Amino acid sequence: MTDKGSMREKTLKIEKFAGYLLPVVIFSLALWTLDRQIRHLQSMYVLRSITSIPLSHIELAFFLTFLSYLTLTGYDYLAVRHINHPMPYKQTVSASFISTSISYSVGFNVLTGSSLRYRLYSRNGLNLRQIWEIIIFCILTFWVGFCFVGGLLFTFYPVKLSDYVPEIPIPLNLIGILLLLSVAIYFIFSFRRLNFRAKGYQIRVPEPRIAFLQLGLSSVDYLLSGSIIYFLLPSNPHLTLLHVLVFFALAQIIGLISTVPGGLGVFETLMLFMLEPYFGTVDIIKPLLLFRTIYYFVPFLIGLLALMFYEYQERDEFLRKIEKATYSSLSELTPQVFSILVFLGGVSLLFSGALPSDPRYLHDLNYIIPLPLIEASRLFGSIMGVLLLLLANGVWKRIDGAYVLSLSVLLMGGIFALLKDLDYHEAAILFILFFFLLPCRKYFYRKSSLMHQSFSKSNVTAITLVFVSFVWLGFFSYHNVKYSNELWWQFGINSQASSFLRATVGAFILLLVLGMAKILSPFSRDIHMPGAEEMELAKKIVNQSEETSGNLVFTEDKYLFFDDEKQAFLMYGVSGKTWVAMGDIVGTSNHAKELIWDFYEMSKLHQGRAAFYEVSEKYIPVYLDLGLTLIKIGEEAKVPLEAFTLEGSASKDFRYTVRNVEKKGYWFEIISEEEVQSLMPELRNISDAWLKLKAGKEKRFSIGYFDEKYLSNFPIAIVRNESEIVAFANIWAGADNEEISVDLMRHSSDAPDRTMEYLFVKLMLWGKENGYRRFSLGMAPLSGLETRQFAPMWHKIGSLIFTHGEHFYNYKGLRDFKEKFNPVWSPKYIALPNGFKQGLALKDIAALISGGVKGIFSKENKRPASRRGKQQLSEKPSEELT
Numbered sequence: 071m072t073d074k075g076s077m078r079e080k081t082l083k084i085e086k087f088a089g090y091l092l093p094v095v096i097f098s099l100a101l102w103t104l105d106r107q108i109r110h111l112q113s114m115y116v117l118r119s120i121t122s123i124p125l126s127h128i129e130l131a132f133f134l135t136f137l138s139y140l141t142l143t144g145y146d147y148l149a150v151r152h153i154n155h156p157m158p159y160k161q162t163v164s165a166s167f168i169s170t171s172i173s174y175s176v177g178f179n180v181l182t183g184s185s186l187r188y189r190l191y192s193r194n195g196l197n198l199r200q201i202w203e204i205i206i207f208c209i210l211t212f213w214v215g216f217c218f219v220g221g222l223l224f225t226f227y228p229v230k231l232s233d234y235v236p237e238i239p240i241p242l243n244l245i246g247i248l249l250l251l252s253v254a255i256y257f258i259f260s261f262r263r264l265n266f267r268a269k270g271y272q273i274r275v276p277e278p279r280i281a282f283l284q285l286g287l288s289s290v291d292y293l294l295s296g297s298i299i300y301f302l303l304p305s306n307p308h309l310t311l312l313h314v315l316v317f318f319a320l321a322q323i324i325g326l327i328s329t330v331p332g333g334l335g336v337f338e339t340l341m342l343f344m345l346e347p348y349f350g351t352v353d354i355i356k357p358l359l360l361f362r363t364i365y366y367f368v369p370f371l372i373g374l375l376a377l378m379f380y381e382y383q384e385r386d387e388f389l390r391k392i393e394k395a396t397y398s399s400l401s402e403l404t405p406q407v408f409s410i411l412v413f414l415g416g417v418s419l420l421f422s423g424a425l426p427s428d429p430r431y432l433h434d435l436n437y438i439i440p441l442p443l444i445e446a447s448r449l450f451g452s453i454m455g456v457l458l459l460l461l462a463n464g465v466w467k468r469i470d471g472a473y474v475l476s477l478s479v480l481l482m483g484g485i486f487a488l489l490k491d492l493d494y495h496e497a498a499i500l501f502i503l504f505f506f507l508l509p510c511r512k513y514f515y516r517k518s519s520l521m522h523q524s525f526s527k528s529n530v531t532a533i534t535l536v537f538v539s540f541v542w543l544g545f546f547s548y549h550n551v552k553y554s555n556e557l558w559w560q561f562g563i564n565s566q567a568s569s570f571l572r573a574t575v576g577a578f579i580l581l582l583v584l585g586m587a588k589i590l591s592p593f594s595r596d597i598h599m600p601g602a603e604e605m606e607l608a609k610k611i612v613n614q615s616e617e618t619s620g621n622l623v624f625t626e627d628k629y630l631f632f633d634d635e636k637q638a639f640l641m642y643g644v645s646g647k648t649w650v651a652m653g654d655i656v657g658t659s660n661h662a663k664e665l666i667w668d669f670y671e672m673s674k675l676h677q678g679r680a681a682f683y684e685v686s687e688k689y690i691p692v693y694l695d696l697g698l699t700l701i702k703i704g705e706e707a708k709v710p711l712e713a714f715t716l717e718g719s720a721s722k723d724f725r726y727t728v729r730n731v732e733k734k735g736y737w738f739e740i741i742s743e744e745e746v747q748s749l750m751p752e753l754r755n756i757s758d759a760w761l762k763l764k765a766g767k768e769k770r771f772s773i774g775y776f777d778e779k780y781l782s783n784f785p786i787a788i789v790r791n792e793s794e795i796v797a798f799a800n801i802w803a804g805a806d807n808e809e810i811s812v813d814l815m816r817h818s819s820d821a822p823d824r825t826m827e828y829l830f831v832k833l834m835l836w837g838k839e840n841g842y843r844r845f846s847l848g849m850a851p852l853s854g855l856e857t858r859q860f861a862p863m864w865h866k867i868g869s870l871i872f873t874h875g876e877h878f879y880n881y882k883g884l885r886d887f888k889e890k891f892n893p894v895w896s897p898k899y900i901a902l903p904n905g906f907k908q909g910l911a912l913k914d915i916a917a918l919i920s921g922g923v924k925g926i927f928s929k930e931n932k933r934p935a936s937r938r939g940k941q942q943l944s945e946k947p948s949e950e951l952t
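Taking this note's numbering, I'd label the letters of the sequence shown as residues 71 to 952.
And the structure:
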């Protein structure tokens, strides 16, 4: 088993490495092939020639792009009707455009587009199955149209590609027939109402009317996008629109298969090969560059801004619901906006360092600035570009060090842009970005190490592709310069190729050094169960905390994560790939936000995902900054003890409980920590009998369990008579007499009715006498959820279970029981990753609490509440939830 596990782990690492490497290798090969085709051109000539394309053609390209994306929104509009969940067109338009425009450019369309659709549609009340059907429907719609149009073109208009590209082993007309046959099979399934099955999941084929609409929409979309390149190309009597559509189909499908983001480089290389017999190379390159900009880059920027605005609206609405005004304006998205701008600033510095400078500016500059300073500026300008690419990740994550360094690098980058070739356009952009970023210090609150930050696959791929493009662009710009060893040591205003070579090596060494330092650096924290010294520190922090929930640390079954000042900590467990922080931060710290961020980063460094279980409103903005989704799981009840009394008509039920229990010869008593050990055998007997009655096993992580070492840390409240103890609960006490609560509560089968209610009442009176301000009754799970028409689906389901779920657990009865004490209710949440990882995280959390996946389905969890159980409502919140 160990060898198999080791092999599986190695296989996963190889797959992960291949996932990083494959797009870069394909992209590099595409650039190498492209370079061989256009090496006779001058880069400046290519850029200037773009302006020769008529403005009317560019306007037409934008119009066709608009129509294409408008058609794409029809995919989702049809999909929501296919699943019988019609939504307003406005909602489907935003979900479709955001997911499509971003996934087309980022690449990994199925994964990226699916995650975005899940994120957007789940907020509109759709469940996982419905969203999955929409995703499958949209994928099928694309392929139905592609197979239909491509099949017609390949069958009836088979261009002889073997003259232009490497010979395809299968004739195009045969490929076309196969494509048309697949469309026919799809419609046979549709007319006969047959369905596909994939990995045990049933995919419903739409009815014929919707299937024909799918075919029409996707065919129109393909014709629109393919026509854009045709109208950007110069006119040629030997090249028709059908030619271009055939070429476009082949290049598009191979670009999708390559997994390179947006097929970048791969698509352009194939189109260049196929169009070469009709035009000169530069006449092909400029339409392809414009197509990439108009059809991919511009919608990507609009979609990204739309997504950011959507996220702002969601968090603003969420925070308004809980009556917090933390996010009062769009400026709270400042770090994300500046992260993108900083990254683009790095791209600008790198690419300008790869392109040759205008000789006129260089000659004028040489009279003012010494040559060594010009040469140094060329080198350091490219290095500043690499630094900005790396710093963008830290800016996104609100790290103060990334903010300060970004300001410095932007300022120096602007100065170097002026010194190397008087590039005042680029310098102005960098200086403007510097001055806009300068007053935004308050949004970068994380005091964390830049070297310990995780880089996602998208980060690494984007940085690598930009660097590879920089190298290729430089070699393409100076391909007429014959290489020799002397090039490395040539200096002068006419030795720009030498400057580029030195800048490339400098940037590569910087990336290599930082990459090796990142690989070899230890994780930000050592992962181990707490020792005696750490437990003493945790005990000190808990004893100084007004909240009582930190006492869970004494179960010693959780890892501890301290802040740098050792004034606060998070306790957490690991289940599967999910790192679950239990509750809010324990203690008081000036760096509480950084502690949450550092925990999140540590989970990423270990290839995991972070979740925060049973948290309050205190740090909701930070969880939102992490990109997590907050789900309300219930409400916690806290009783103000100053107002609690047995006097008056409102407390007559409590008076009856006290008289009834004490009349039978039982009384309430507090046992100090020193005396607990002597009663431990009797307490264990009660606990064992209670567990046997429940036909279950101890829950852990979010609740204390019977352990002599754990219980010896606290005083115990007991209910007893002359001969025996019939019920007990350990007491959690907060600092400064602020709060008391109970954790482990057990009673014997001999306990009289209302024993636990009696224990609560007497404990509250005891707390009031000893000056405590409030008593925590714990959480009532699933209570307080919204039931309105547009409430989230989780709220509707949770509210339904709360109202009618007596068969599974007495949720409503528990809320009613706690409501008798007239408490103040406050919401509790769980912060989870977005997308499909959300379900995996929930499964891992349930397994962690239940002691394994089997524990989730134990008898205890399925046991309906009996009449006696309703009277003895005494479980801990997390145990209730599971």
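Idealized CB from N, CA, C, for every residue including glycine. It should be emphasised that the depicted structure is a prediction, and the values quoted were computed from it without experimental measurement.
> Since GLY848 sits in a beta bridge, which residues does DSSP pair it with?
Replying inline: As a working note, residue 848 is residue 778 in the sequence shown. Beta-bridge pairing links GLY848 to ALA707.
>> Suppose you measure from the CA of TRP737 to the CA of LYS708; what does that come to, to the nearest Å?
In response: The sequence position of residue 737 within the sequence shown is 667, counting from 1. The sequence position of residue 708 within the sequence shown is 638, counting from 1. About 25 Å.
> Quick one, which of LEU340, ASP634, ILE128 and PRO710 has its alpha-carbon nearest MET834's?
Replying inline: Start at 1 with the first residue of the sequence shown, and residue 834 comes out as number 764. Answer by Cα proximity: PRO710.
> Should HIS747 go down as buried or exposed, given a rule of 16 or more other Cβ atoms within 10 Å for buried?
Replying inline: As a working mapping, residue 747 is identified with position 677 in the sequence shown. With the sequence shown as reference, residue 747 is identified as Gln, and His is not the correct amino acid for it. Counting Cβ neighbours within 10 Å, GLN747 comes out exposed, since fewer than 16 surround it.
>> Am I right that LEU503 and LEU411 are in contact with their C-beta atoms under 8 Å? What's the rounded C-beta distance?
In response: For the purposes of this step, residue 503 is taken as residue 433 along the sequence shown, with counting starting at 1. For the purposes of this step, residue 411 is taken as residue 341 along the sequence shown, with counting starting at 1. Contact flag correct, Cβ pair sits at about 6 Å.
> Can you tell which of ASN807, ARG770 and ASP823 has its C-alpha closest to the C-alpha of VAL796?
Replying inline: For the purposes of this step, residue 796 is taken as the residue at position 726 of the sequence shown. It is ASP823.
>> Quick check on this structure: which residue in PHE514, LEU425, PRO442 and ILE444 has the alpha carbon closest to the alpha carbon of ALA462?
In response: Numbered from 1 along the sequence shown, position 392 holds the residue referred to as residue 462. It is PHE514 whose Cα lies nearest to the Cα of ALA462.
> Should the segment 439-449 be regarded as contacting the segment 528-548, the criterion being three or more beta carbon pairs within less than 8 Å?
Replying inline: no
>> Give me the DSSP bridge partner(s) of ILE795.
In response: As a first step, residue 795 is located in the sequence shown; it is residue number 725 there, counting from the start. ARG790, per the DSSP bridge assignment.
> DSSP three-state call for VAL894: helix, strand or coil?
Replying inline: The residue given as residue 894 occupies position 824 in the sequence shown. In this structure, VAL894 counts as strand in the three-state DSSP scheme.
> Between ARG263 and the rest of its own chain, which residues show a CB-CB distance below 8 Å, the 5 nearest in sequence each way excluded?
Replying inline: Taking the sequence shown and counting its residues from 1, one reaches residue 263 at position 193. Excluding positions up to five away in sequence, the list reads VAL275 and GLU277.
> For LEU833, which three-state DSSP category applies?
Replying inline: Translated into positions along the sequence shown, residue 833 becomes position 763. Looking at LEU833 - three-state DSSP - the assignment turns out to be helix.
> Are the segment 642-662 and the segment 906-914 touching, with three or more C-beta to C-beta distances below 8 Å?
Replying inline: yes
>> So, under 8 Å CB-CB, GLY373 and ILE172 are touching, yes? Tell me the CB distance rounded to an integer number of Å.
In response: By 1-based counting over the sequence shown, the position of residue 373 is 303. By 1-based counting over the sequence shown, the position of residue 172 is 102. The Cβ separation is near 5 Å, so the contact holds.
> Taking three-plus beta-carbon pairs below 8 Å as touching, is the segment 145-162 in contact with the segment 345-365?
Replying inline: no
> Given 8 Å as the limit, is there contact between the segment 608-628 and the segment 459-477, that is, 3 or more CB pairs closer than that?
Replying inline: no
>> Checking 8 Å against the spacing of the C-beta atoms, do PHE167 and TYR188 come in under that value?
In response: Within the sequence shown, residue 167 is the residue found at index 97, counting from 1. Within the sequence shown, residue 188 is the residue found at index 118, counting from 1. No, they are not a contact pair.
> Who pairs with ARG516 in a beta bridge, going by DSSP?
Replying inline: If you number the sequence shown from 1, residue 516 lands on position 446. According to DSSP, ARG516 bridges with ILE469.
> Rounded to a whole number of angstroms, what is the C-alpha to C-alpha distance between GLY848 and GLU706?
Replying inline: The residue labelled residue 848 in the question sits at position 778 within the sequence shown. The residue labelled residue 706 in the question sits at position 636 within the sequence shown. Their backbone Cα atoms lie some 5 Å apart in a straight line.
>> Tell me which residues share the same chain as ILE128 and place their Cβ nearer than 8 Å to its Cβ, disregarding the 5 neighbours each side in the sequence.
In response: For the purposes of this step, residue 128 is identified with residue 58 of the sequence shown, where counting begins at 1. Counting only Cβ-Cβ distances below 8 Å, and skipping sequence neighbours, we find LEU302, LEU360 and ILE364.
> To the nearest angstrom, how far is it from the Cα of ASP758 to the Cα of LYS769?
Replying inline: Along the sequence shown, read from residue 1 onward, the residue named residue 758 stands at position 688. Along the sequence shown, read from residue 1 onward, the residue named residue 769 stands at position 699. Taking the straight line from one Cα to the other gives about 14 Å.
>> Report the CB separation of LEU249 from GLY221 in whole angstroms; it is logged as a contact under 8 Å.
In response: The residue given as residue 249 occupies position 179 in the sequence shown. The residue given as residue 221 occupies position 151 in the sequence shown. Rounded, the Cβ-Cβ distance is 3 Å, consistent with contact.
>> Is the beta carbon of ALA850 closer than 8 Å to that of ALA890?
In response: Here residue 890 is taken as the residue at index 820 of the sequence shown, counted from 1. Here residue 850 is taken as the residue at index 780 of the sequence shown, counted from 1. The displayed chain sequence assigns Lys, not Ala, to residue 890. Not closer than 8 Å, so no.
> Where does GLN284 land, buried or exposed, given buried means 16+ other C-beta within 10 angstroms?
Replying inline: Here residue 284 refers to the residue found at position 214 of the sequence shown. Label assigned to GLN284: buried.
> Three or more C-beta pairs closer than 8 Å, one from the segment 466-486 and one from the segment 407-427: is that the case here?
Replying inline: yes
> CB-CB under 7 Å to SER819, same chain, minus the five flanking residues each way: which ones, in chain order?
Replying inline: Looking up residue 819 in the sequence shown gives position 749. Within the same chain, SER819 has close Cβ partners ALA759 and LEU763.
> Smallest Cα separation from TYR256: which of VAL214, TYR380, GLU745 and ARG725?
Replying inline: Here residue 256 is taken as the residue at index 186 of the sequence shown, counted from 1. Of VAL214, TYR380, GLU745 and ARG725, the residue nearest in Cα terms is VAL214.
> Which residue from PHE639, ASP668 and ASN306 puts its Cα closest to that of ASP654?
Replying inline: Stepping through the sequence shown from its first residue, residue 654 is reached at position 584. It is PHE639.
> Any idea if ARG511 is buried or exposed, counting beta-carbon neighbours within 10 angstroms, 16 or more meaning buried?
Replying inline: By one-based count along the sequence shown, residue 511 stands at place 441. It is exposed - the Cβ of ARG511 has fewer than 16 other Cβ atoms within 10 Å.
>> With H, G and I counted as helix, E and B as strand and the rest as coil, what does DSSP make of TYR693?
In response: Along the sequence shown, one-based indexing puts residue 693 at 623. Note: TYR693 maps to helix in three-state DSSP.
>> For SER645, list the residues DSSP reports as bridge partners.
In response: By one-based count along the sequence shown, residue 645 stands at place 575. Paired residues: THR648.
> Cβ of ASN783 within 8 Å of Cβ of GLU743?
Replying inline: Locating residue 783 in the sequence shown gives position 713, where the first residue counts as 1. Locating residue 743 in the sequence shown gives position 673, where the first residue counts as 1. Contact: yes.
>> Pull the bridge partners of MET815 from the DSSP assignment, please.
In response: As a first step, residue 815 is located in the sequence shown; it is residue number 745 there, counting from the start. ALA799, per the DSSP bridge assignment.
> Using the rule of at least 16 other Cβ atoms within 10 Å of the residue's Cβ for burial, across every protein chain shown, is LYS734 buried or exposed?
Replying inline: Start at 1 with the first residue of the sequence shown, and residue 734 comes out as number 664. Its Cβ having fewer than 16 others within 10 Å, LYS734 is exposed.
> So, do the segment 307-322 and the segment 144-153 have three or more beta carbon pairs nearer to each other than 8 Å?
Replying inline: no
>> Just verifying my parser: in three-state terms, what is the DSSP assignment at ARG151?
In response: On the sequence shown, residue 151 is found 81 positions in, with the first residue counted as 1. Residue state, collapsed to three classes: helix.
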